[in-house]
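These notes are about the structure you will find just below.
Okay, structure coming up:
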C-alpha cells in the first residue's frame with residue numbers, strides 16, 4: 001500500500017525528493033541538495049502519483065511528510081562544510097582533467113621515433129612521472145642528482161700505477177677496461193667490447209681502494225664516481241632505488257664514466273627472507289641498471305670492492321664479469337712498500353735492509369706495513385722527547401737548506417763526547433736536528449705491530465677464488 005511504500009523510501013537517507021510543485025497540505029520544499037549544488041528539479045507529473053493525495057489516504061500523506069523530513073535532515077546537517085568540500089573536489093578534478101588534456105594533445109603532436117635494437121627507448125631515457133610530465137623537468141630528479149653530484153671526484157688523487165706495488169694482474173685488467181678503450185676506441189668495435197664490471201676482492205688493507213685511486217688518476221678523461229652505501233640509502237620509502245637509477249643516468253650523461261662502489265657487500269648482499277623490502281628493491285634496481293632490458297651501459301665501468309665476496313648475491317656476482325683476487329703482498333712487493341712509505345724521509349736503510357724487512361713481514365698486508373713505517377718514523381721524535389743530553393753537530397740550516405751550520409743540536413747518550421745536559425724544552429726551535437730513521441727503529445716498530453689478517457679469512461677467500469675468481 002501507499003504507506004509501506006513511502007516508509008521504505010524514507011529509510012533511504014540519500015534519497016532526493018524532486019517534485020514539479022508543492023501539493024497543498026504536505027509542505028514539500030525544494031530539496032537542500034538540489035538547491036546547494038544548483039541541480040535542476042526532475043519534472044515529475046504530480047497527477048501520476050495522485051494516489052499519494054491526502055484525500056485518498058490521510059495516513060499516506062502523513063508518512064510522506066515524515067519521509068520528506070527525514071530525507072532533508074542529512075543535507076541540512078552538513079551545511080557549508082559539505083559545500084566547501086564538494087567544491088574543492090570539483091576544482092581538483094577539473095585541474096587534473098586539464099593537465100591530462102594538455103598531455104594528450106602534446107603526445108599526439110610529437111610522433112614516436114623508431115628505436116633500434118639494443119638501444120634504450122626514449123621513454124626509458126626520459127621517463128614519465130605520475131603527473132605525465134617528463135623527468136627532465138622533474139624537480140625531484142634534479143634534487144636526487146644534486147645529492148649524487150658530491151660523489152663525483154673532481155680533484156684527482158695523485159696515485160699512479162707505479163705507486164701500486166705488485167698486483168700486476170689487477171693493473172692489467174683495469175688498463176684493459178679503462179685506459180685502452182679511451183685511448184684506442186677503434187680497438188673495441190663489433191664483438192670486442194671492454195669489461196663493464198670488475199670486482200676486486202681480498203683481505204682488508206691489500207690495496208683495493210688504492211687501485212681505484214690509481215684508476216681515477218690515470219683515467220683523466222673520464223668521470224669518476226666514488227659511491228658508498230650512505231650515498232644511496234635513504235630513510236624515505238622508494239627514494240633509495242631512485243638514487244640508484246639516477247646514479248646510472250648521471251653516469252650515462254657524463255660517459256665515459258667509472259662507478260666505484262666501496263664495500264659493495266653492504267648494498268648487494270644475498271637475498272633472503274629476513275631482509276627488508278627496501279634492501280631487496282635496492283638490489284633489484286642494481287641488477288636492472290647494470291644489465292637489464294633496454295639499458296645501454298656503453299662507456300660505463302662498475303668497479304666494486306669487498307672483503308667478503310661470498311655474501312654477495314649470485315646475480316650481482318654474475319654481472320661483475322671480472323672477479324679479481326687481491327692477495328696479501330709477496331716478499332718483493334713488501335720490500336717495495338717499505339721504500340714507498342718511507343718516501344723522502346732521511347734514513348740509513350740499505351737495499352739489504354729492505355729485503356730483510358720484506359722477509360720478516362710474511363702475512364702482513366699493505367696497510368699493516370704502512371702502520372709499521374709510520375710508527376718507525378715516530379721513533380726519532382720519541383728519542384728527542386726522552387733525551388737528557390744533546391750535542392752540537394753540523395747540518396743544513398732551517399732558514400736556508402743550502403747553507404751548512406755547525407750549531408745544531410741532536411740527542412746523544414750521556415757519555416758521548418761533547419754531550420750537554422739539557423732537555424728538548426731547552427733546545428731552540430730552529431736548532432734541533434732529529435736523528436735519521438735506522439734499521440733498529442724499523443725492527444722495534446715491527447715487533448710492536450701485529451698482522452690484521454687471520455688464516456681463517458684467507459682460506460675462505462682462496463676457496464672463493466677457486467670457484468669464481470682469478471688471481472690478481
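In the UniProt record's numbering, the protein residues as written are 1 to 472. No residue lacks a Cβ here, since even glycine has one placed at the ideal position from N, Cα and C.
Using three-state DSSP, classify residue i as helix, strand or coil.
i           : result
residue 358 : helix
residue 471 : strand
residue 304 : strand
residue 453 : coil
residue 159 : coil
residue 235 : coil
residue 85  : helix
residue 220 : coil
residue 209 : helix
residue 322 : strand
residue 146 : helix
Please classify residue i as buried or exposed, where buried requires at least 16 neighbouring CB atoms within 10 angstroms.
i           : result
residue 407 : exposed
residue 97  : exposed
residue 446 : buried
residue 313 : buried
residue 184 : exposed
residue 218 : buried
residue 404 : exposed
residue 418 : exposed
residue 226 : buried
residue 187 : exposed
residue 454 : exposed
residue 240 : buried
residue 381 : exposed
Can you tell me where the alpha helix (DSSP H) holding residue i begins and where it ends?
i           : result
residue 366 : 366-386
residue 182 : 180-183
residue 423 : Where residue 423 is concerned, there is no enclosing alpha helix (DSSP H), given that its DSSP letter is neither H nor E.
residue 196 : Careful: residue 196 lies outside any alpha helix (DSSP H) and carries neither H nor E.
residue 152 : Per DSSP, residue 152 belongs to no alpha helix (DSSP H) and is neither H nor E.
residue 278 : 277-291
residue 174 : 168-174
residue 342 : 331-342
Taking residue i as part of the beta strand (DSSP E), name the residues at either end of that continuous run.
i           : result
residue 225 : 223-227
residue 405 : 404-412
residue 319 : Counting along the chain, residue 319 falls outside any beta strand (DSSP E), though it belongs to the alpha helix (DSSP H) covering 314-319.
residue 447 : No beta strand (DSSP E) contains residue 447, which is instead part of the alpha helix (DSSP H) from 439-448.
residue 389 : 389-396
residue 271 : No beta strand (DSSP E) holds residue 271; DSSP gives it neither H nor E.
residue 188 : Neither: residue 188 is in no beta strand (DSSP E) and is coded neither H nor E.
residue 258 : 257-262
Residues in its own chain within less than 6 Å of residue i by CB, not counting five upstream and five downstream?
i           : result
residue 139 : none
residue 197 : 302, 319, 320, 321
residue 459 : none
residue 379 : 441
residue 341 : 370, 373
residue 323 : 199, 468, 469
residue 410 : 393, 433
Please find out if some non-hydrogen atom of the ligand COA comes closer than 7 Å to the beta-carbon of residue i.
i           : result
residue 387 : The model on display carries no ligand, and the ligand COA is accordingly not part of it.
By Cβ distance, which residues of its chain are closer than 7 Å to residue i, with the 5 residues on each side in sequence left out?
i           : result
residue 366 : 205, 206, 207, 329, 337
residue 265 : 306, 308, 311, 312
residue 48  : Bear in mind that a pLDDT of 40 at residue 48, under 50, signals an unreliable position, so the number given afterwards is only what the model happens to contain. Once the five neighbours on either side are set aside, residue 48 has no close Cβ partner at all.
residue 179 : 218, 219
residue 448 : 375
For residue i, which residues in the same chain have their Cβ closer than 8 Å to its Cβ, ignoring the five residues on either side in sequence?
i           : result
residue 363 : 328, 451, 453
So does the segment 158-173 actually touch the segment 246-257, counting three or more Cβ pairs closer than 8 Å?
Taking 8 Å as the limit for Cβ pairs, the verdict is that the segment 246-257 does not touch the segment 158-173.
Could you tell me whether the segment 235-248 touches the segment 195-210, using the rule of 3 or more Cβ pairs below 8 Å?
no
Just checking, does the segment 276-290 make contact with the segment 430-440 on the three C-beta pairs under 8 Å criterion?
no
Can you find at least 3 beta carbon pairs, one from the segment 326-337 and one from the segment 161-169, that sit closer than 8 Å?
yes
For the segment 388-395 and the segment 409-416, state whether three or more C-beta atom pairs, one from each stretch, are separated by less than 8 Å.
yes
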